[in-house]
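These notes are about the structure you will find just below.
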Amino acid sequence: MPVAIFAGLAGAFYWGLMNSGDELPSALAGKPVPEFDLPPIEGRETGLSSADLSGDVSIVNVWASWCVPCRVEMPLLVELANRNEVTIYGINYKDQPVAALRFLEETGDPYTKIGADRSGRVSMDWGVYGLPETFVINAAGQVAYKHVGPFDRRALEEEIMPVVRDLQKENVS
Numbered sequence: 067m068p069v070a071i072f073a074g075l076a077g078a079f080y081w082g083l084m085n086s087g088d089e090l091p092s093a094l095a096g097k098p099v100p101e102f103d104l105p106p107i108e109g110r111e112t113g114l115s116s117a118d119l120s121g122d123v124s125i126v127n128v129w130a131s132w133c134v135p136c137r138v139e140m141p142l143l144v145e146l147a148n149r150n151e152v153t154i155y156g157i158n159y160k161d162q163p164v165a166a167l168r169f170l171e172e173t174g175d176p177y178t179k180i181g182a183d184r185s186g187r188v189s190m191d192w193g194v195y196g197l198p199e200t201f202v203i204n205a206a207g208q209v210a211y212k213h214v215g216p217f218d219r220r221a222l223e224e225e226i227m228p229v230v231r232d233l234q235k236e237n238v239s
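Shown next as structure tokens:
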């Protein structure tokens, strides 16, 4: 009997993990992005501010060099950047400047602009509680979608990019 109970609990746990989904409602959904103005990471001339996030649909990716899942999703971000479908901005979270630069040299750099959030305050304002987190921002500078954790090709093509494309169509109309 204990084996059956264990198997049942293990099965329920596995099902919960596999079916929880990475899309979480954001307290910012439909609201303007928080006001911020971050300095650039080392090696860049311009940082990132909330003013950069209006006018066009964009993606904001919160990442760090010490974040293993960030390294996992980076090839997809680089690929997406090379497709020129949407502008990708980065918020570098609580990172050492040299480590952040080395990370981008190793993985590729998909970001149009990167803001260095050394204290983590801006990321907290965005409601970030784990890395990576990816946000789709509409042309009005409002959060339209939030993906928590690393995304894979399926999540990128079936969840994130459909939101981007729908918003881009709305922006043209």
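Using this note's numbering, the first residue of the sequence shown is number 67, and each one after it goes up by one.
Glycine included, C-beta positions come from ideal geometry on N, C-alpha and C.
Residue i versus residue j: straight-line alpha-carbon distance, rounded
{"i": "Glu224", "j": "Gly96", "result": "21 Å"}
{"i": "Ile125", "j": "Leu119", "result": "9 Å"}
{"i": "Phe169", "j": "Glu145", "result": "16 Å"}
{"i": "Leu167", "j": "Gly109", "result": "7 Å"}
{"i": "Asn204", "j": "Ile226", "result": "12 Å"}
{"i": "Asp88", "j": "Thr112", "result": "Its pLDDT being 46, under 50, Asp88 is placed unreliably by the model, and the measurement read from it follows with that caveat. Distance between the alpha carbons of Asp88 and Thr112 is about 31 Å."}
{"i": "Pro135", "j": "Pro141", "result": "11 Å"}
{"i": "Arg137", "j": "Thr173", "result": "7 Å"}
{"i": "Glu139", "j": "Asn127", "result": "10 Å"}
{"i": "Val229", "j": "Val202", "result": "8 Å"}
{"i": "Arg149", "j": "Gly193", "result": "29 Å"}
Of the listed residues the options, nearest to residue i (C-alpha basis)
{"i": "Ala147", "options": "Pro176, Ile125, Val123, Trp132", "result": "Pro176"}
{"i": "Trp129", "options": "Asn237, Ala165, Gly121, Met227", "result": "Ala165"}
{"i": "Tyr159", "options": "Val123, Ala210, Glu171, Leu114", "result": "Leu114"}
{"i": "Val238", "options": "Asp122, Thr112, Pro106", "result": "Asp122"}
{"i": "Ala117", "options": "Gly207, Arg137, Met140", "result": "Gly207"}
{"i": "Ala93", "options": "Val229, Tyr195, Gln234", "result": "Tyr195"}
{"i": "Pro98", "options": "Val134, Val202, Asp161, Val209", "result": "Val209"}
{"i": "Ala221", "options": "Gln234, Leu143, Arg137, Trp132", "result": "Leu143"}
{"i": "Arg184", "options": "Thr173, Trp192, Gly193, Ile157", "result": "Ile157"}
{"i": "Ile107", "options": "Cys133, Pro163, Arg149", "result": "Pro163"}
{"i": "Trp132", "options": "Gly193, Asp161, Thr173, Val202", "result": "Asp161"}
With 16 other Cβ atoms within 10 Å as the buried cut-off, status of residue i
{"i": "Pro198", "result": "buried"}
{"i": "Gly181", "result": "buried"}
{"i": "Thr200", "result": "buried"}
{"i": "Lys212", "result": "buried"}
{"i": "Lys179", "result": "buried"}
{"i": "Glu171", "result": "exposed"}
{"i": "Gly236", "result": "Residue identity differs from the one stated: residue 236 is Glu in this sequence, not Gly. That one is exposed."}
Residue i Cβ short of 7 Å to the ligand MG heavy atom set
{"i": "Trp192", "result": "This structure lacks the ligand MG, and indeed carries no ligand of any kind."}
Pair every Cβ in the segment 181-201 with every Cβ in the segment 91-108, then say whether three or more of these pairs are closer than 8 Å.
Contact between the segment 181-201 and the segment 91-108 is present, with at least three C-beta pairs closer than 8 Å.
Is there contact between the segment 205-216 and the segment 145-162, where contact requires at least three CB pairs shorter than 8 Å?
no
Restricting to runs no shorter than 3 residues, where is the beta strand (DSSP E) found entirely within the segment 169-228?
179-183, 199-203, 209-214
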